[in-house]
Amino acid sequence: MLEQPHFDPYSVPARVCLAIAIFGGSLLIAVLLLTALIAH
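Numbering of the sequence shown is given in our numbering, commencing with residue 389 and proceeding in unit increments.
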């Protein structure tokens, strides 16, 4: 039997990790810019 092509067990964790990485990166950049503006 063939496996369902739409079911990829690595797809969901990869998307979650990617979303967390993007959110964390943007949040870090926002905090750095904010602290730079305040310190300046």
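For every residue, glycine included, the Cβ atom is placed at its ideal position computed from N, Cα and C.
Note that the structure is predicted; figures quoted are calculated from it, not measured.
Alpha-carbon spacing of residue i relative to residue j, whole angstroms
| i | j | result |
| --- | --- | --- |
| Arg403 | Ala409 | 10 Å |
| Leu406 | Ala418 | 18 Å |
| Leu422 | Ser414 | 12 Å |
| Ser399 | Leu425 | 39 Å |
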